[in-house]
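Asks: Structure incoming, see below.
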Amino acid sequence: MKKRITLLLFAGFILLLNARAQDSPGSYLFYDFLDGTATTKTGNTLQSKFNYNFETEKITFVGEDKIILALTNPERLSHIDINGRRFVQGEKEAFYEKIEITGGEYYIRWKSNNNLQGAHVGYGFYSPSTSTKNVTPILDSSHLPVAEAKEEHEHRIKEELQPMYYIKSNDKFVRITSPKALTKIYKSQKTEIEQFAKENKINFKQQGDIARMLEYVYSLE
Numbered sequence: 005m006k007k008r009i010t011l012l013l014f015a016g017f018i019l020l021l022n023a024r025a026q027d028s029p030g031s032y033l034f035y036d037f038l039d040g041t042a043t044t045k046t047g048n049t050l051q052s053k054f055n056y057n058f059e060t061e062k063i064t065f066v067g068e069d070k071i072i073l074a075l076t077n078p079e080r081l082s083h084i085d086i087n088g089r090r091f092v093q094g095e096k097e098a099f100y101e102k103i104e105i106t107g108g109e110y111y112i113r114w115k116s117n118n119n120l121q122g123a124h125v126g127y128g129f130y131s132p133s134t135s136t137k138n139v140t141p142i143l144d145s146s147h148l149p150v151a152e153a154k155e156e157h158e159h160r161i162k163e164e165l166q167p168m169y170y171i172k173s174n175d176k177f178v179r180i181t182s183p184k185a186l187t188k189i190y191k192s193q194k195t196e197i198e199q200f201a202k203e204n205k206i207n208f209k210q211q212g213d214i215a216r217m218l219e220y221v222y223s224l225e
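Just so we're aligned, residue 5 is where the sequence shown starts under our numbering, counting upward by one.
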């Protein structure tokens, strides 16, 4: 009963996935659905088993009867924590991972190499007045994705994912792909940024290099 009430509080944030989406173990960032908490800007929380679908760029979770649901209306959500990792609203309806580093933060858009543009996916809205008996979820208890071995999953998705890195400037997401992208924002530090990137051979496709570059940039402020 308590969980049902909590789901009703989150009714405006939940979608039943349309059967066209066809989730599979390969669609998820994590090897399994992991403990997490979704928090709204008004302070309501939902605790469940969560995962991140990098084809739809939505946060999914296990609802009642093991039905897979997706969170929507990210602008009304404060954040979602999954196994110690935080996700927030990105551009439009997508969720980005937020990474805290010395002096600031950056964001990762996890996206499939094979689906960078994505495909339109329809959804059926879940609301307090809508019974789950009247809609067909994508997955039921007999069709939950089977968890992979953690090491096997992490190795596979490294080949399949194309992470994109962003920072926020004037409350807008700016993709960082080169020193030039940074110097457009930090004009007065142009020389230092270009020199650091060159001397340290920064690869703007590698997360570790992105973090090093940004920590240096933030230290200049």
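Glycine is no exception: its CB is placed at the ideal position from the N, C-alpha and C atoms.
Out of Glu158, Glu104, Leu165, which has the shortest C-alpha to C-alpha gap to Ile171?
Replies: Within the sequence shown, numbered from 1, the residue matching residue 171 stands at position 167. The shortest Cα separation from Ile171 among Glu158, Glu104, Leu165 belongs to Glu104.
Asks: Mind checking which residues open and close the beta strand (DSSP E) that includes Gly108?
Replies: Along the sequence shown, read from residue 1 onward, the residue named residue 108 stands at position 104. From DSSP, the beta strand (DSSP E) with Gly108 extends over 108-113.
Asks: Grab the span of the alpha helix (DSSP H) containing Ile197 for me, first residue to last.
Replies: One-based indexing of the sequence shown puts residue 197 at position 193. That run of the alpha helix (DSSP H) goes 194-203.
Asks: Taking the C-alpha atoms as reference points, what is the distance between Thr106 and Ala215?
Replies: As a first step, residue 106 is located in the sequence shown; it is residue number 102 there, counting from the start. As a first step, residue 215 is located in the sequence shown; it is residue number 211 there, counting from the start. Approximately 9 Å between the Cα atoms of the pair.
Asks: If you pair each beta-carbon of the stretch 52-61 with each one of the stretch 81-96, do three or more pairs fall below 8 Å?
Replies: Verdict: yes, contact present.
Asks: Tell me which residue opens and which closes the beta strand (DSSP E) that Gln210 is part of.
Replies: Within the sequence shown, the letter at position 206 stands for residue 210. Unbroken run through Gln210: none, as it is neither H nor E.
Asks: Between which residues of its own chain and Leu81 is the CB-CB distance below 6 Å, once the five residues before and five after are set aside?
Replies: Along the sequence shown, read from residue 1 onward, the residue named residue 81 stands at position 77. Same-chain partners within the cutoff: Thr44.
Asks: Does DSSP classify Ser145 as helix, strand or coil?
Replies: Locating residue 145 in the sequence shown gives position 141, where the first residue counts as 1. Low confidence applies here, because Ser145 scores a pLDDT of 37, under 50, leaving its location unreliable; read the following figure in that light. Note: Ser145 maps to coil in three-state DSSP.
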